[in-house]
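Q:
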Amino acid sequence: MLHKPVLLAETIQLLNVQPHGVYVDATLGSGGHTREILNRLGPEGRVVGIDRDQEALERVERDLRDPRLLTLHTSFSRMARALREKGIQEVDGVIMDLGVSMEQLKDPERGFSFHSDARLDMRMDKTQRLTAEEIVNRWSQQKIERIIREYGEERYARPIAKAIIDERKKGPIYSCRQLAEVVQRIKRKRTRIHPATKTFQALRIAVNNELEELQKGLENSLEMLKKGGRLCVISYHSLEDRIVKRFFVDTEKKGLIKRLTKKPLLPTKEEIRDNPSARSAKLRGGERI
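Count along the sequence shown starting at 1, add 373, and that's the number in my numbering.
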C-alpha cells in the first residue's frame, strides 16, 4: 500500500479498542487504521469500513480478506442510516481520517494532481455528477472567487478567479496542469508549497461538499456511539479543525461527550520526517457519555 496512516498509534490508543467491539472506519482509504483495529479484535469483533470511493473499498477488501470487515459505499451524511440498514444499531468507536488518500492523489485519472494532464475531476465518489471541470468552466467569477477564498483561504482569490475566467474565454480549461499554470501566472513567488495548492484544495472541498459532509458525519457518529464509545478525528487544515473542535466543545457543554483531547495531538518530528503528509495533521477525540 502507498498510503501511510497518520498518527496511527495515537489514534488506536485513543480509540481504546475492545476485543468484541464494533468499530467504524468512516474513511477507509487504504485500510491502515482498519488493519490495526482488526489486529486488536477477537473473532467476534467487527470493523465497518466506509468510503465514498468504490475503488478504495474493493482494494482494501482484496488486501485484507477478513470476514470481520464489512465495507459500505456511502457518505458521512448517510452513515447512521447505512449502518442501521445492516442491522447495526450502535458502535464502540468511530475513526474519521479526513486526508485525501495517496492512491487518489497519485492516480492521474482522478484529477487531484497539479502535474497531471488528466481532466479536472476531483470526485471522491465517481457516481456523483459535479466535477472540478464544471466549476472552473461554468460557475461565475464571483462563485469561483468565493470558494477559493473561503475553502482555500487564498489571499489571491480574486485575481485567480479573474484569470480563470479570462483563460476559459479562449477555450475550456480541461486539465489539472492547465489550471495549475493559470494559478502560477498569478502567484509567481516560489515557495516550498505549489502555488496552486490552495486553489486545488478549494475546488476539491467544493466538489465533494466536504465541510457540510464533515459536520453531518460528526453528528452521525454521535448518534451511533454507545455510552463509553469513542470518536477520533484527524483533520489536516484549519477549516476542518475548526468544525471538529467546535463539535467537541459544543457536545461537551451539552453533556453528550467528554473531550479526551483538550488540545489536539500532533505528529512527532520523526513521523513528519518519515511521512511529510502528516505535518499538518491534528487528532481530536471524545467519549460518549
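C-beta atoms are modelled at their ideal positions from N, C-alpha and C, and glycine is treated no differently.
Owing to the predicted nature of the structure, the values given are computational and were not obtained by experimental measurement.
With a CB to CB cut of under 7 Å and the five nearest residues on each side skipped, what residues in its chain are close to K535?
A: Indexing the sequence shown from 1 puts residue 535 at position 162. Contacts found: Q514.
Q: Leaving aside the five residues before and after Q427 along the sequence, list all residues of the same chain whose C-beta is less than 6 Å from its C-beta, in chain order.
A: Numbered from 1 along the sequence shown, position 54 holds the residue referred to as residue 427. Closer than 6 Å at the Cβ level, and outside the excluded window around Q427, lie H446.
Q: Apart from the five residues on each side of it in sequence, which residues of its chain come closer than 8 Å, Cβ to Cβ, to R441?
A: Position 68 of the sequence shown, counting from 1, holds the residue named residue 441. Here the set comprises L411, L414, P416, G418, R419 and V420.
Q: With distances taken from CA atoms, which of A651, D494, N648 and G590 is nearest T400?
A: Counting from one through the sequence shown, the residue named residue 400 turns up at place 27. Of A651, D494, N648 and G590, the smallest CA-CA separation from T400 is found for G590.
Q: Considering only the alpha carbon of each residue, which of L471, E523 and T500 lies closest to S403?
A: Translated into the one-based positions of the sequence shown, residue 403 becomes position 30. Among L471, E523 and T500, the Cα nearest to that of S403 is on L471.
Q: What residue from G422, A553, E458 and K499 has the CA that sits closest to R438's CA?
A: Translated into the one-based positions of the sequence shown, residue 438 becomes position 65. When each option's Cα is compared against that of R438, the closest is G422.
Q: Which value, in whole angstroms, describes the spacing of the CA atoms of E540 and D494?
A: On the sequence shown, residue 540 is found 167 positions in, with the first residue counted as 1. On the sequence shown, residue 494 is found 121 positions in, with the first residue counted as 1. Each residue's Cα considered, the two are about 18 Å apart.
Q: May I ask which residues mark the beginning and end of the alpha helix (DSSP H) holding S489?
A: Within the sequence shown, the letter at position 116 stands for residue 489. Looking at the DSSP string, S489 is not in any alpha helix (DSSP H), and its letter there is neither H nor E.
Q: Report the rounded CA-to-CA distance for R558 versus L380, giving the unit in angstroms.
A: On the sequence shown, position 185 is the one that residue 558 refers to. On the sequence shown, position 7 is the one that residue 380 refers to. Their backbone Cα atoms lie some 36 Å apart in a straight line.
Q: Could you check which residue in A575, R603 and K655 has the C-alpha nearest to that of I508?
A: For this step, residue 508 is matched to residue 135 along the sequence shown. Comparing Cα-Cα distances from I508 to each of A575, R603 and K655, the minimum goes to A575.
Q: The alpha helix (DSSP H) spanning D424 covers which residue range?
A: Stepping through the sequence shown from its first residue, residue 424 is reached at position 51. Not the alpha helix (DSSP H): D424 falls in the beta strand (DSSP E), residues R419 to D424.
Q: Pairing CB atoms from the stretch 649 to 662 with CB atoms from the stretch 609 to 628, are three or more of them under 8 Å?
A: yes
Q: State the Cα-Cα distance for the pair L443 and Q588, rounded to the nearest angstrom.
A: If you number the sequence shown from 1, residue 443 lands on position 70. If you number the sequence shown from 1, residue 588 lands on position 215. Approximately 24 Å, taken between the alpha carbons.
Q: Would you mind giving the Cβ-Cβ distance between E660 and I616, rounded to the nearest angstrom? I have them listed as a contact below 8 Å.
A: If you number the sequence shown from 1, residue 660 lands on position 287. If you number the sequence shown from 1, residue 616 lands on position 243. The Cβ separation is near 19 Å, so there is no contact.
Q: With DSSP as the reference, label G402 as helix, strand or coil.
A: Position 29 of the sequence shown, counted from the start, is the residue given in the question as residue 402. Residue state, collapsed to three classes: coil.
Q: If you draw a straight line from the C-alpha of P392 to the C-alpha of E644, how long is it?
A: Stepping through the sequence shown from its first residue, residue 392 is reached at position 19. Stepping through the sequence shown from its first residue, residue 644 is reached at position 271. Near 28 Å, if we compare the C-alpha coordinates of E644 and P392.
Q: What did DSSP end up calling T572 once you bin it into helix, strand or coil?
A: One-based indexing of the sequence shown puts residue 572 at position 199. In the structure shown, T572 sits in a helix (DSSP, three-state: H, G or I).
Q: Over the uninterrupted beta strand (DSSP E) stretch that includes E660, give me the two end residues.
A: As a first step, residue 660 is located in the sequence shown; it is residue number 287 there, counting from the start. K655 to R661 is the span of the beta strand (DSSP E), which, as asked, contains E660.
Q: Compute the distance between the beta-carbons of T572 and I546, then report whether it is under 9 Å.
A: As a position in the sequence shown, residue 572 is number 199, starting the count at 1. As a position in the sequence shown, residue 546 is number 173, starting the count at 1. No.
Q: Quick check on G601: does DSSP put it in helix, strand or coil?
A: Indexing the sequence shown from 1 puts residue 601 at position 228. Strand.
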